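One structure is given here, and the rest of the page talks about it.
Protein chains: 2
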Amino acid sequence: MKRNSRLSLALHTLSHMAGDPDRVRTSADIADHAGTNPVVVRRVLGKLRQAGLLSSEKGHSGGWRLAKPAKDITLADVYLALDERFVSGASDDAGPPQCSVEAGLQTRVAEVLQEIEESLVKRLSETSITDVHPSSCSYCDN
Amino acid sequence: MKRNSRLSLALHTLSHMAGDPDRVRTSADIADHAGTNPVVVRRVLGKLRQAGLLSSEKGHSGGWRLAKPAKDITLADVYLALDERFVSGASDDAGPPQCSVEAGLQTRVAEVLQEIEESLVKRLSETSITDVHPSSCSYCDN
DNA sequence: AATAGTGCAACAGCAATTGTTACGTATGAT
DNA sequence: ATCATACGTAACAATTGCTGTTGCACTATT
Chain A
1 MKRNSRLSLA LHTLSHMAGD PDRVRTSADI ADHAGTNPVV VRRVLGKLRQ AGLLSSEKGH
61 SGGWRLAKPA KDITLADVYL ALDERFVSGA SDDAGPPQCS VEAGLQTRVA EVLQEIEESL
121 VKRLSETSIT DVHPSSCSYC DN
Chain B
143 MKRNSRLSLA LHTLSHMAGD PDRVRTSADI ADHAGTNPVV VRRVLGKLRQ AGLLSSEKGH
203 SGGWRLAKPA KDITLADVYL ALDERFVSGA SDDAGPPQCS VEAGLQTRVA EVLQEIEESL
263 VKRLSETSIT DVHPSSCSYC DN
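Residue numbers (my numbering), protein chains in the order written: chain A, 1 to 142; chain B, 143 to 284.
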């Protein structure tokens, strides 16, 4: 796995689930397929569970499945569930800036970034998991 | 300085320059004011120079200044000059994916991200450096 | 010549993410 | 009941990207 791969892992897994919703998958299966570690999978999918996109069950014959129809899960849901923000404030200074130019800047730039973040989420909410699922999918034929 | 501070540093510096365009600033001056290192400043401003936003001169009484009027420099210019991509493909896998679902996903998701990237740049291009410069700026009174 | 700058490369330090191990807990199978 | 299986979580190692720092070459002004 590479950097910032949480979104990739989440989408990949959701897409597979969309193609075969009844199958329950263990984190080991998923990790195997995605080339990563079960713990990493549980970390990422745990966020999706908190957001109500997935459900998990412990114990024998437990595992992960979609918590609602794939068509009702949008890219925005996934994006927000992972607490990822492409457009971050980029200013984590300790306390208020000493420089008046910097202070004014932060306010103005934050406004623009906020706008952009909103339009990004809006756009993401227009695409569902089924929309990004390949129409010709060899896994769906199983 | 904190993480992903290149954009902050660039905007901060450009904003100062917009307020007093004739003044030539050394990377040491700028670093001092921004609380960072001259080499870091040259790294970041070097990108802006490559993009034609700034010019630099070597030797005695050298330094940095705007290469064109501040009102003609937009946030998009800065964003693009720094090679920053808020919306990154998030897929740096080695070679083509083995999994057909993954392959289809990458294509579709890339399309959406591309759209978003374009609208982001479009929005950024509507705001110039002078727009984010504070109207009441103590430095402009010098 | 001396001085004051940029340009660049190499390396150290730091922070965030990912990978891994270990252990607790819950649940179904036997 | 007991066992096997799978999630949940904490702790730590490994990796990676960015920032900070030092050093030196090169250039232009004085």
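From the three backbone atoms N, C-alpha and C, an ideal C-beta is built for every residue, glycine too. Just so we're clear, the structure is a prediction, and the values are computed from it rather than from any experiment.
Handout entry: Contacts of residue 116/A in chain B (Cβ-Cβ under 7 Å)
Key = In the first sequence, the residue the question calls residue 116/A occupies position 116. Under the 7 Å cutoff, chain B gives 262 and 265.
Practice task
Out of 274/B, 186/B and 163/B, point me to the one whose CA is closest to residue 112/A's CA.
Solution key: Stepping through the first sequence from its first residue, residue 112/A is reached at position 112. Taking only the C-alpha atoms, the option nearest residue 112/A is 274/B.
Practice task
Kindly indicate the opening and closing residues of the alpha helix (DSSP H) around residue 124/A.
Solution key: On the first sequence, residue 124/A is found 124 positions in, with the first residue counted as 1. Run containing residue 124/A: 100–124, per the alpha helix (DSSP H) assignment.
Exercise for the section: Leaving out five residues on either side along the sequence, give the residues of the same chain with a beta carbon under 8 Å from the beta carbon of residue 195/B. Expected result: Locating residue 195/B in the second sequence gives position 53, counting from the first residue. For residue 195/B, where only same-chain residues beyond five positions count, the Cβ hits under 8 Å are 156, 208, 209, 210, 215, 219, 220 and 223.
Exercise for the section: Note down, in chain order, each residue of its chain lying with its Cβ closer than 8 Å to the Cβ of residue 227/B, except the 5 sequence neighbours on either side. Expected result: Locating residue 227/B in the second sequence gives position 85, where the first residue counts as 1. In its chain, beyond the 5 residues on either side, 259 have a beta carbon closer than 8 Å to the beta carbon of residue 227/B.
Exercise for the section: Indicate whether at least one CB of chain A lies closer than 8 Å to the CB of residue 163/B. Expected result: For this step, residue 163/B is matched to residue 21 along the second sequence. It does not; no Cβ of chain A falls within 8 Å.
Handout entry: Where residue 75/A meets chain B, residues with beta-carbon distance less than 9 Å
Key = Indexing the first sequence from 1 puts residue 75/A at position 75. Those are 251 and 254, listed as they occur along chain B.
Exercise for the section: Can you tell me which of 166/B, 251/B and 149/B puts its alpha carbon nearest to the alpha carbon of residue 185/B? Expected result: Your numbering for residue 185/B matches position 43 in the second sequence. Checking every option, the nearest Cα to that of residue 185/B belongs to 149/B.
Practice task
Please check the pair residue 152/B and residue 190/B, which I expect to be a contact at CB under 8 Å, by giving their CB distance rounded to whole angstroms.
Solution key: What you label residue 152/B is simply residue 10 of the second sequence in a count that begins at 1. What you label residue 190/B is simply residue 48 of the second sequence in a count that begins at 1. Sure, about 6 Å apart at Cβ, within 8 Å.
Exercise for the section: Measure the CB-CB distance between residue 205/B and residue 178/B and report whether it falls below 8 Å. Expected result: In the second sequence, residue 205/B corresponds to position 63, counting from 1. In the second sequence, residue 178/B corresponds to position 36, counting from 1. Going by C-beta atoms, residue 205/B is not nearer than 8 Å to residue 178/B.
Problem - With 16 other Cβ atoms within 10 Å as the buried cut-off, status of residue 278/B - result: As a first step, residue 278/B is located in the second sequence; it is residue number 136 there, counting from the start. Under this definition residue 278/B is an exposed residue.
Exercise for the section: Check residue 147/B in the structure and name its three-state DSSP category. Expected result: Translated into positions along the second sequence, residue 147/B becomes position 5. Residue 147/B: coil per DSSP, three-state reduction.
Handout entry: Selection from 4/A, 57/A and 41/A that minimises the alpha carbon distance to residue 24/A
Key = As a position in the first sequence, residue 24/A is number 24, starting the count at 1. Checking every option, the nearest Cα to that of residue 24/A belongs to 57/A.
Problem - Alpha carbon of residue 114/A to alpha carbon of residue 183/B, nearest angstrom - result: Residue mapping note: residue 114/A aligns to position 114 of the first sequence, counting from 1. Residue mapping note: residue 183/B aligns to position 41 of the second sequence, counting from 1. C-alpha separation (whole angstroms): 27 Å.
Exercise for the section: Output yes if chain A places a C-beta closer than 8 Å to the C-beta of residue 247/B; else output no. Expected result: On the second sequence, residue 247/B is found 105 positions in, with the first residue counted as 1. Judged by the 8 Å Cβ criterion, residue 247/B is in contact with chain A.
Exercise for the section: Taking only the alpha-carbon atoms, compute the straight-line gap between residue 12/A and residue 239/B and give it to the nearest angstrom. Expected result: Sequence index remark: in the first sequence, residue 12/A carries index 12 (1-based). Sequence index remark: in the second sequence, residue 239/B carries index 97 (1-based). The C-alpha of residue 239/B is placed about 11 Å away from the C-alpha of residue 12/A.
Problem - Cutoff 8 Å; reference residue 121/A; Cβ partners in own chain excluding five residues on either side - result: Numbered from 1 along the first sequence, position 121 holds the residue referred to as residue 121/A. Within the same chain, residue 121/A has close Cβ partners 76, 79 and 80.
Practice task
Consider the C-beta atom of residue 60/A and the heavy atoms of the ligand GTP; say whether any pair is separated by less than 7 Å.
Solution key: With respect to the ligand GTP, the structure offers nothing, as it holds no ligand at all.
Exercise for the section: Determine the burial state of residue 284/B: buried for a count of at least 16 other Cβ atoms within 10 Å of its Cβ, exposed for fewer. Expected result: The sequence position of residue 284/B within the second sequence is 142, counting from 1. Its pLDDT being 44, under 50, residue 284/B is placed unreliably by the model, and the measurement read from it follows with that caveat. It is exposed - the Cβ of residue 284/B has fewer than 16 other Cβ atoms within 10 Å.
Practice task
Sort out for me which residues DSSP pairs residue 143/A with in a bridge.
Solution key: A query on residue 143/A cannot be resolved here, the shown segment of chain A reaching from 1 to 142 and no further.
Handout entry: Neighbourhood of residue 272/B by C-beta distance below 8 Å, restricted to the same chain and skipping five residues each side
Key = Taking the first residue of the second sequence as position 1, residue 272/B is located at position 130. Taking residue 272/B as the centre and dropping the five residues before and after it, the same chain places the C-beta of 160, 212 and 213 closer than 8 Å to its C-beta, in chain order.
Exercise for the section: Answer with buried or exposed for residue 181/B, where buried requires no fewer than 16 other C-beta atoms within 10 angstroms of its C-beta. Expected result: Translated into the one-based positions of the second sequence, residue 181/B becomes position 39. Residue environment analysis places residue 181/B among the exposed positions, since fewer than 16 neighbouring C-beta atoms fall within 10 angstroms of its C-beta.
Handout entry: Where residue 165/B falls: helix, strand or coil (DSSP)
Key = Taking the second sequence and counting its residues from 1, one reaches residue 165/B at position 23. Of the three classes helix, strand and coil, the one that applies to residue 165/B here is coil, per DSSP.
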